[in-house]
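Below is one structure, written out as structure tokens; comments come after it.
In our numbering, the protein residues as written are 49 to 464.
Here it is in structure tokens:
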């Protein structure tokens with residue numbers, strides 16, 4: 049009988065026989081793929097062990113114990129791979145899952161558009177069938193990692209004569225082709241964490257459709273669900289102090305990937321950094337600031353407990369609940385509170401930018417970066433709608449275009 053102790057004993061023995069911190073990273077990741085220990089909750093036939101979420105957590109703990117490097121991280125394993133695993137054909141799985149796991153392929157997500165951010169189903173990027181290929185034309189926005197991506201998950205409209213949710217198809221697209229142009233987007237904090245992507249008659253073979261033609265909305269919802277939860281995979285542990293070729297190469301890989309996120313909105317309002325910054329500014333003994341710090345830390349800890357409760361539910365095999373939207377909504381509130389505390393810490397100096405400003409202008413960059421937290425990954429308003437409609441049973445937001453052909457929707461530029 050498979051139980052926690054038998055799994056622990058087996059993975060510990062396998063790590064003892066195979067983990068070598070001086071092994072090349074790619075060679076180690078190939079071993080992970082072949083063994084199934086890198087993605088233990090995945091099916092056995094697709095580079096996994098077929099374990100339950102709770103038993104996969106046992107595997108995680110054994111990797112953590114010796115700080116062994118896991119599978120590749122980023123959008124490949126958090127968004128693309130879980131969706132392909134769930135909805136992709138065997139052909140797509142056989143071609144794309146292993147390179148995602150080993151880090152051979154980097155992925156990005158082509159969902160949002162200039163006129164359709166929160167209303168994803170209102171997308172206007174079109175896909176037209178030409179023989180055994182789909183021809184894609186349109187523009188995508190707020191794409192992280194597009195500059196270095198090899199592949200992308202993409203939603204496009206294949207039918208304009210049905211309601212907007214029914215005419216969408218989900219694709220995987222090769223980013224290395226002439227019909228795709230990527231441009232970094234400069235934010236108001238002077239960093240470019242996102243990109244806009246222009247598709248001009250880009251080509252996708254018909255065998256790279258995920259799910260059925262016209263059923264892309266259902267597949268996209270699966271991707272968004274994965275985005276709000278952690279994948280059951282072993283990723284690199286960036287906090288390690290140990291060295292060795294495998295870890296060094298993993299550190300270099302992670303460092304290169306996370307360069308994009310230096311001022312990604314979710315990183316700007318970290319509550320855990322407020323106390324050290326108050327100490328550095330010499331205001332830690334100010335009673336007003338201490339009160340603000342404690343209020344912030346209490347809310348931050350409550351949010352962490354909510355995240356732990358959500359993780360426990362996932363490990364128990366329960367379907368996703370409202371915790372993802374609660375966490376996103378509270379995270380935005382914490383970021384704003386953190387920005388307010390930082391403003392109190394710095395006072396008027398918080399308006400100064402540049403390396404000659406107090407704390408090297410860090411407070412100023414935080415203040416102008418935090419507003420993005422309420423937008424990235426789903427706006428606060430969308431999270432409230434999700435909680436109200438799906439958790440509290442409140443009436444849905446009124447919609448005037450949900451049941452008419454998309455060709456007749458007023459926001460459709462091709463309306464006639």
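All residues carry an ideal CB built from backbone N, CA and C; glycine is no exception. Since this is a predicted model, take the numbers as computed values, not measurements.
Nearest to residue i by CA position, among the options, is which residue?
{"i": "residue 428", "options": "231, 373, 438", "result": "373"}
{"i": "residue 323", "options": "377, 387, 376", "result": "387"}
{"i": "residue 329", "options": "86, 189, 411", "result": "411"}
{"i": "residue 61", "options": "85, 72, 436, 135", "result": "85"}
{"i": "residue 129", "options": "392, 223, 258, 394", "result": "258"}
{"i": "residue 450", "options": "422, 199, 170", "result": "170"}
{"i": "residue 150", "options": "118, 270, 296, 436", "result": "118"}
{"i": "residue 253", "options": "240, 425, 218, 266", "result": "218"}
{"i": "residue 201", "options": "383, 434, 195, 132", "result": "132"}
{"i": "residue 189", "options": "321, 104, 143, 159", "result": "159"}
{"i": "residue 242", "options": "186, 264, 307, 299", "result": "307"}
{"i": "residue 127", "options": "360, 425, 347, 444", "result": "425"}
{"i": "residue 178", "options": "345, 206, 195", "result": "206"}
{"i": "residue 168", "options": "75, 212, 196, 191", "result": "212"}
{"i": "residue 104", "options": "145, 78, 59, 139", "result": "59"}
{"i": "residue 175", "options": "216, 394, 191", "result": "216"}
{"i": "residue 347", "options": "382, 203, 338", "result": "382"}
{"i": "residue 152", "options": "83, 76, 172, 238", "result": "76"}
{"i": "residue 81", "options": "147, 99, 157, 124", "result": "147"}
Please work out which residues of its chain come closer than 7 Å, Cβ to Cβ, to residue i, disregarding the five sequence neighbours upstream and downstream, and give them in chain order.
{"i": "residue 116", "result": "63, 67"}
{"i": "residue 250", "result": "184, 221, 225, 227, 228"}
{"i": "residue 236", "result": "416"}
{"i": "residue 270", "result": "131, 134, 135"}
{"i": "residue 284", "result": "Model confidence at residue 284 stands at a pLDDT of 42, short of 50, so the residue's coordinates are unreliable and nothing is read from them."}
{"i": "residue 433", "result": "445"}
{"i": "residue 292", "result": "69, 70"}
Note down, in chain order, each residue of its chain lying with its Cβ closer than 6 Å to the Cβ of residue i, except the 5 sequence neighbours on either side.
{"i": "residue 286", "result": "Reliability fails at residue 286, whose pLDDT of 43 lies under 50, so the model's placement of it is uncertain and no value is given."}
{"i": "residue 52", "result": "106"}
{"i": "residue 297", "result": "73"}
{"i": "residue 431", "result": "373, 376, 377"}
{"i": "residue 419", "result": "none"}
{"i": "residue 442", "result": "436"}
{"i": "residue 194", "result": "156, 230, 243, 245"}
{"i": "residue 138", "result": "none"}
Grouping DSSP H, G and I as helix and E and B as strand, with all else coil, what is residue i?
{"i": "residue 207", "result": "coil"}
{"i": "residue 477", "result": "The question about residue 477 has no answer, for the chain in this structure spans 49 to 464."}
{"i": "residue 112", "result": "helix"}
{"i": "residue 261", "result": "coil"}
{"i": "residue 256", "result": "helix"}
{"i": "residue 212", "result": "coil"}
{"i": "residue 243", "result": "strand"}
{"i": "residue 339", "result": "helix"}
{"i": "residue 172", "result": "coil"}
{"i": "residue 90", "result": "coil"}
{"i": "residue 67", "result": "coil"}
{"i": "residue 291", "result": "coil"}
{"i": "residue 323", "result": "helix"}
{"i": "residue 119", "result": "strand"}
{"i": "residue 467", "result": "Summary: the structure shown does not reach residue 467, with the chain confined to residues 49 through 464, and so no result is reported for it."}
{"i": "residue 272", "result": "helix"}
{"i": "residue 453", "result": "strand"}
{"i": "residue 202", "result": "strand"}
{"i": "residue 304", "result": "helix"}
{"i": "residue 97", "result": "coil"}
{"i": "residue 60", "result": "helix"}
{"i": "residue 329", "result": "coil"}
{"i": "residue 178", "result": "strand"}
{"i": "residue 250", "result": "strand"}
{"i": "residue 54", "result": "helix"}
I'd like the span of the beta strand (DSSP E) that includes residue i, first residue to last.
{"i": "residue 217", "result": "216-222"}
{"i": "residue 130", "result": "Unbroken run through residue 130 is the alpha helix (DSSP H), 129-135; no beta strand (DSSP E)."}
{"i": "residue 228", "result": "228-233"}
{"i": "residue 181", "result": "181-191"}
{"i": "residue 157", "result": "155-158"}
Following the continuous alpha helix (DSSP H) through residue i, name the residue where it begins and the one where it ends.
{"i": "residue 146", "result": "138-150"}
{"i": "residue 79", "result": "73-83"}
Would you say residue i lies against chain C (beta-carbon separation less than 8 Å)?
{"i": "residue 221", "result": "Looking for chain C here will not work: only one protein chain is present."}
By Cβ distance below 8 Å, which residues in the same chain neighbour residue i in space, the five residues on each side in sequence not counted?
{"i": "residue 354", "result": "371, 374, 375, 378"}
{"i": "residue 409", "result": "400, 401, 402, 403"}
{"i": "residue 357", "result": "371"}
{"i": "residue 274", "result": "126, 127, 130, 131"}
Going residue by residue through the region 370-450, where are the continuous alpha helix (DSSP H) segments of at least 4 residues, counting only ones entirely within it? Counting only runs of 4 or more, we get 371-394, 410-417, 428-434.
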